[in-house]
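> Please find one structure pasted underneath; my questions will follow.
2 protein chains.
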Amino acid sequence: MANDKKLVESITSMEDDFAQWYTDVVKKAELIEYSSVKGCMILRPSGYAIWEMIQQELDRRFKETGVENVYMPMFIPESLLNKEKDHVEGFAPEVAWVTHGGNDPLAERMCIRPTSETLFCDFYSNIIQSYRDLPKLYNQWCSVCRWEKTTRPFLRTTEFLWQEGHTAHATAEDAEERTIMMLNLYADFCENVLAIPMIKGRKTDKEKFAGAEATYTIEALMHDGKALQSGTSHNFGDGFAKAFDIQYTDKDNKLKYVHQTSWGMTTRLIGAIIMVHGDNSGLVLPPMVAPTQVMIIPIMQKKEGVLEKADELQKRLEKVCRVKTDTTDKTPGFKFAEQEMRGIPLRVEIGPKDIEANQAVIVRRDTREKYTVSLDELESRISELLVTIQKDMLDRAAKHRDAHTTTALNYDEFKEAVATKPGFIKAMWCGDVACENKIKEDTTATSRCMPFSQEHLSDNCVCCGKPAKTMVYWGKAY
Amino acid sequence: MANDKKLVESITSMEDDFAQWYTDVVKKAELIEYSSVKGCMILRPSGYAIWEMIQQELDRRFKETGVENVYMPMFIPESLLNKEKDHVEGFAPEVAWVTHGGNDPLAERMCIRPTSETLFCDFYSNIIQSYRDLPKLYNQWCSVCRWEKTTRPFLRTTEFLWQEGHTAHATAEDAEERTIMMLNLYADFCENVLAIPMIKGRKTDKEKFAGAEATYTIEALMHDGKALQSGTSHNFGDGFAKAFDIQYTDKDNKLKYVHQTSWGMTTRLIGAIIMVHGDNSGLVLPPMVAPTQVMIIPIMQKKEGVLEKADELQKRLEKVCRVKTDTTDKTPGFKFAEQEMRGIPLRVEIGPKDIEANQAVIVRRDTREKYTVSLDELESRISELLVTIQKDMLDRAAKHRDAHTTTALNYDEFKEAVATKPGFIKAMWCGDVACENKIKEDTTATSRCMPFSQEHLSDNCVCCGKPAKTMVYWGKAY
Chain A
34 MANDKKLVES
44 ITSMEDDFAQ
54 WYTDVVKKAE
64 LIEYSSVKGC
74 MILRPSGYAI
84 WEMIQQELDR
94 RFKETGVENV
104 YMPMFIPESL
114 LNKEKDHVEG
124 FAPEVAWVTH
134 GGNDPLAERM
144 CIRPTSETLF
154 CDFYSNIIQS
164 YRDLPKLYNQ
174 WCSVCRWEKT
184 TRPFLRTTEF
194 LWQEGHTAHA
204 TAEDAEERTI
214 MMLNLYADFC
224 ENVLAIPMIK
234 GRKTDKEKFA
244 GAEATYTIEA
254 LMHDGKALQS
264 GTSHNFGDGF
274 AKAFDIQYTD
284 KDNKLKYVHQ
294 TSWGMTTRLI
304 GAIIMVHGDN
314 SGLVLPPMVA
324 PTQVMIIPIM
334 QKKEGVLEKA
344 DELQKRLEKV
354 CRVKTDTTDK
364 TPGFKFAEQE
374 MRGIPLRVEI
384 GPKDIEANQA
394 VIVRRDTREK
404 YTVSLDELES
414 RISELLVTIQ
424 KDMLDRAAKH
434 RDAHTTTALN
444 YDEFKEAVAT
454 KPGFIKAMWC
464 GDVACENKIK
474 EDTTATSRCM
484 PFSQEHLSDN
494 CVCCGKPAKT
504 MVYWGKAY
Chain B
34 MANDKKLVES
44 ITSMEDDFAQ
54 WYTDVVKKAE
64 LIEYSSVKGC
74 MILRPSGYAI
84 WEMIQQELDR
94 RFKETGVENV
104 YMPMFIPESL
114 LNKEKDHVEG
124 FAPEVAWVTH
134 GGNDPLAERM
144 CIRPTSETLF
154 CDFYSNIIQS
164 YRDLPKLYNQ
174 WCSVCRWEKT
184 TRPFLRTTEF
194 LWQEGHTAHA
204 TAEDAEERTI
214 MMLNLYADFC
224 ENVLAIPMIK
234 GRKTDKEKFA
244 GAEATYTIEA
254 LMHDGKALQS
264 GTSHNFGDGF
274 AKAFDIQYTD
284 KDNKLKYVHQ
294 TSWGMTTRLI
304 GAIIMVHGDN
314 SGLVLPPMVA
324 PTQVMIIPIM
334 QKKEGVLEKA
344 DELQKRLEKV
354 CRVKTDTTDK
364 TPGFKFAEQE
374 MRGIPLRVEI
384 GPKDIEANQA
394 VIVRRDTREK
404 YTVSLDELES
414 RISELLVTIQ
424 KDMLDRAAKH
434 RDAHTTTALN
444 YDEFKEAVAT
454 KPGFIKAMWC
464 GDVACENKIK
474 EDTTATSRCM
484 PFSQEHLSDN
494 CVCCGKPAKT
504 MVYWGKAY
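Respectively, the protein sequence lines represent chains A and B. Taking my numbering, the leading residue of the first sequence gets 34, the next gets one more, and so forth. Taking my numbering, the leading residue of the second sequence gets 34, the next gets one more, and so forth.
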């Protein structure tokens, strides 16, 4: 059958061509389909279901910290976008402009939100009057649009899905506390749900968000040694408040400007999952974010009793995990390949001989280890294995990251590391943007962050040799 | 306190000015805020939380019928929109056009989706090859944009949130079955979750969706006697499949066109909840869709033990309902007014005397009935009352609808009914669009639907007197 063959054909191996391997996985695991719209992708059920898992868990965690969801318009009138100078300079070159409604030209053109700081500021200036109205801890789930020249599924697309949190606080301290709280929430989510370890730190001024006082970031290392910025949290100070006149009457009866933050994560996280955990058989999903955690595959399913037994196991396992049974008329071999391509963490094989022996075969997706398990212990073994896989995946990713992190004490070491050792490079920096620019020009590596966990590697900037101020993680990035 | 006064100020009464009452409720219950973007509203936390309740429950029901979620681009290239003739004629006059990306004009302008049939068809033509690929049962949650001249919160806005289901089937029968299944799902949801009774029926050709073979609708009656189309389900036959060349190889090895459906519900439902259940104290939410079902309001909360007791009740009630406690420093009277404005179904008052008597006072939002209840029975009484309120609200809405449904046997009766009895009018129709047009011109009433529950009122069309084909529900509509 033509349809069956398509999936079992092997994909490009990641050692041969990582970019092509990535494209093969997103297509063959049916995460996305390309659309007729330039730079936009279609999220297919398998891809969107991962996003739903991410949403559900993040949303729960946001709400635990007092965050409430809202929905803002997708349009920003040009005059509103122009209100904060740095912000408009950063975003105007990459927005889509709506110029006509129906057959009529608009009096003022509007862009499709590339991010919604300006809309939230306009909103806050209307609803915040008193210290009693603070803090405002709002978030929205939506899509945004940035006109990109080169696009890649999940990593960089013209339109993408994300959440954007926007908060307003009475004091600078409250805003800073929230900025760091959300960064920590992001890092914890990535490590404990997506099994991706993160470097937490602050962006250099060159790399910070347009209009922010400080941008914090979590950075992950992909299997090919490139870095991926996975979430950012910005402290705006009172810059936007002054541009949009967001003032409140404090307890002392004085008018004061609010202090604001914003923070976001996107469908890019799905790209991170693929590139951190995937292998040459396809996707490998951490159990906590896998829409289906266990696939039961009946063997010789036409034999009497096999489908009935599979159904019985399905019903039993539904109580402990997200489980499906593949009862299609495909061959077991094809079903295995499909389950592996889609990254489902465990498969349970059950055939006539297994039934006779009151057992099933469980196979781990991540390590391919096989276990023959008594049916009496099925639920407990599956539950244990899901926990083990989750933990092992994080451990492997951390080991890979550490094995691909190099320390460079001088510029020769730095250049050699970039050329020969894909991964993070830890090196000291003087704080001068000139060195950052030179490093980027010479090597294409960029500063990923100034990590919270600082190490004193040497006294001198790796680039200019002048006194160093801080340790920086550098790397080539997506 | 200036802030406190704002809310307790009485709103316009619905008898004086229903439209102003509606606007007052959406603003003072803090469901929405107007934005700087023409025709677009901001969904505030109290408004968005209702949408989240609706989403959660509908999404669960969709998935039970095998529907999977996807996400499609927000843009439609002009050439794609133009592919189905009726469809483009219906929507082109009211779409927003994107003409520039960053600083560059686009080679082809794109509209922002007013609905996504064309995108789904383009997608389906790529992924459907064989009968094995059918059915496709996809849905997406997103926003769409229709350039409206007159807008009104929830009822008609330039951008609004909705879900749009799009399915593809092997046969015409399968498509019709799905179209009706979703209509029934919608009606059941509205009746059993939103407590709004629905008339189910088919739209006349004049009122059907641009490009559909048949449009089915659920119609509700608002408190002011106007109708609100609350959800639609369309059977496209193979019209779109032919325009977009969506063919599959059937078991008999022949190429056949698929048959398609689409169906949608929107944030308009929140408008329906307001206009069916609301009263002169504000919003009244049916318990099943209320983000907060019970508000505990401590009385004399500075007295020793009151806040502790309120907290104890909060913890107990969390096990049986969605409950909050208002511990702000506002007066109890203000808190009552606020809880009523926001439509929270029950409030629990607990003060020193109540504590001493081991009791609490429960007040229903819908009827204002008060119950003094032993604290030992609090959970069971609250649970019972929430069920009772839900049921009573549906019953009252059905009674109101029935009391505002008039039968007209001839055109004089029809015109008098439109002029003097706000509500639905049941009347026979010959099937000729000329009568539909005349009725609209003479009375502004439109055909709402040809109900599935037909009655034989007379032999003649209420307008022209010629032989009647069908009974129609008519009414003025939002």
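Cβ atoms here follow ideal geometry from the backbone N, Cα and C, with glycine treated the same way.
By a C-beta neighbour count over all protein chains shown, 10 Å radius and 16 as the cutoff for buried, is A:D409 buried or exposed?
exposed
> Measuring alpha carbon to alpha carbon, tell me which of B:N493, B:M483, B:V451 ends up nearest B:E474.
B:V451
> By the 10 Å Cβ neighbour count, where 16 or more other Cβ atoms means buried, how is A:E371 classified, buried or exposed?
buried
> 8 Å is my cut-off, CB to CB: does B:C482 come that close to chain A?
no
> Would A:M556 and A:P186 qualify as a contact pair, given that the criterion is a beta-carbon distance under 8 Å?
Chain A is shown from 34 up to 511; residue 556 of chain A falls before or after that span and cannot be answered.
> Mapping DSSP to helix, strand and coil, what is A:I21?
Nothing can be reported for residue 21 of chain A, as the shown portion of chain A is limited to 34 through 511.
> So, are the CB atoms of A:E117 and A:T148 less than 8 Å apart?
For A:E117 and A:T148, no; Cβs fall outside 8 Å.
> Starting from the C-beta of A:S407, find all residues in its chain whose C-beta is less than 8 Å away, skip the five residues before and the five after it, and write them out in chain order.
N391, Q392
> Please confirm whether A:T294 and A:R211 have their CB atoms less than 8 Å apart.
yes
> With 8 Å as the threshold, decide whether the Cβ of A:E150 is near any Cβ in chain B.
With 8 Å as the cut-off, A:E150 does not count as an interface residue toward chain B.
> Could you tell me whether the Cβ of A:D155 comes closer than 8 Å to any Cβ of chain B?
yes
> How should A:D467 be labelled, buried or exposed, when 16 other C-beta atoms within 10 angstroms of its C-beta is the threshold for buried?
Note on identity: in this sequence residue 467 of chain A is Ala, with Asp being the wrong assignment. With fewer than 16 Cβ atoms within 10 Å of its Cβ, A:A467 is classed as exposed.
> Return the Cβ separation of A:A201 and A:L167 in integer angstroms, given the expectation that the two are a contact with Cβ distance under 8 Å.
Going by Cβ atoms, the distance from A:A201 to A:L167 rounds to 6 Å, so yes, they are a contact pair.
> In chain order, what residues of the same chain lie with their CB nearer than 7 Å to the CB of B:K502, ignoring the 5 residues before and after it?
Taken in chain order, the residues that qualify are W462, C463, G464.
> If you draw a straight line from the alpha carbon of B:M105 to that of B:D155, how long is it in whole angstroms?
11 Å
> Whole angstroms is fine: what's the gap from B:Y67's alpha carbon to B:N172's?
29 Å
> Could you give the first and the last residue of the continuous alpha helix (DSSP H) run that contains A:C468?
466-476
> Just how far apart, CA to CA, sit A:V327 and A:V420?
Their Cα atoms are separated by approximately 13 Å.
> Pick out whichever of B:K96, B:A203, B:F447, B:C175 has its Cα sitting closest to the Cα of B:W195.
B:C175
> Going by C-alpha distance, which of A:P78, A:K233, A:V121 is nearest B:G99?
Ranking A:P78, A:K233, A:V121 by Cα distance to B:G99 puts A:P78 first.
> Against chain B, with Cβ distances strictly below 8 Å, would A:N115 count as a contact?
For A:N115, the closest Cβ of chain B is not nearer than 8 Å.
> Please tell me whether A:C73 has its Cβ less than 8 Å away from any Cβ of chain E.
Note that chain E does not occur in the displayed structure, where the protein chains are A and B.
> Is the distance from the Cβ of B:M374 to the Cβ of B:A52 below 8 Å?
no
> Counting only runs of 4+ residues fully inside the segment 240-318 of chain A, write out the alpha helix (DSSP H) ranges in chain order.
272-277, 301-310
> Applying the criterion that 16 or more other CB atoms from any shown protein chain within 10 Å of the CB defines a buried residue, is A:Y404 buried or exposed?
exposed
> Looking at the unbroken alpha helix (DSSP H) that takes in B:Q89, where does it start and where does it end?
Its alpha helix (DSSP H) spans residues 78-97.
> With A:L113 and B:S69 assumed to form a contact (beta carbons below 8 Å), what rounded beta-carbon distance in angstroms separates them?
6 Å
> Going by the DSSP bridge assignment, what does A:K454 pair with across the sheet?
Answer is none; A:K454 lacks a bridge partner.
> Excluding the five sequence neighbours on either side, which residues of its own chain have a C-beta within less than 8 Å of the C-beta of A:R349, listed in chain order?
L411, E412
> Using DSSP with H/G/I as helix, E/B as strand and the rest coil, what is B:R142?
strand
> Residues of chain A with a CB under 8 Å from the CB of B:F286: which are they?
In the sequence on display, residue 286 of chain B carries Asn and not Phe. Those within 8 Å of B:N286 in chain A number zero; the least Cβ separation is about 13 Å.
> Indicate whether at least one CB of chain A lies closer than 8 Å to the CB of B:K38.
With a pLDDT of 46 at B:K38, under the threshold of 50, the predicted position of this residue should be treated as unreliable, and no value is reported.
> Since B:R77 meets chain A, which of its residues come closer than 7 Å, beta carbon to beta carbon?
V103
> Could you give the first and the last residue of the continuous alpha helix (DSSP H) run that contains B:E122?
118-124
> Is it the case that the segment 251-258 of chain B contacts the segment 304-315 of chain B, given that we only count it when at least three CB pairs across the two stretches are under 8 Å?
yes
> Quick one: what's got a C-beta closer than 8 Å to B:G338's C-beta in the same chain, skipping five residues either side?
Within its own chain, the residues whose Cβ lies closer than 8 Å to the Cβ of B:G338, once the five positions on either side in sequence are excluded, are P385, I388, listed in chain order.
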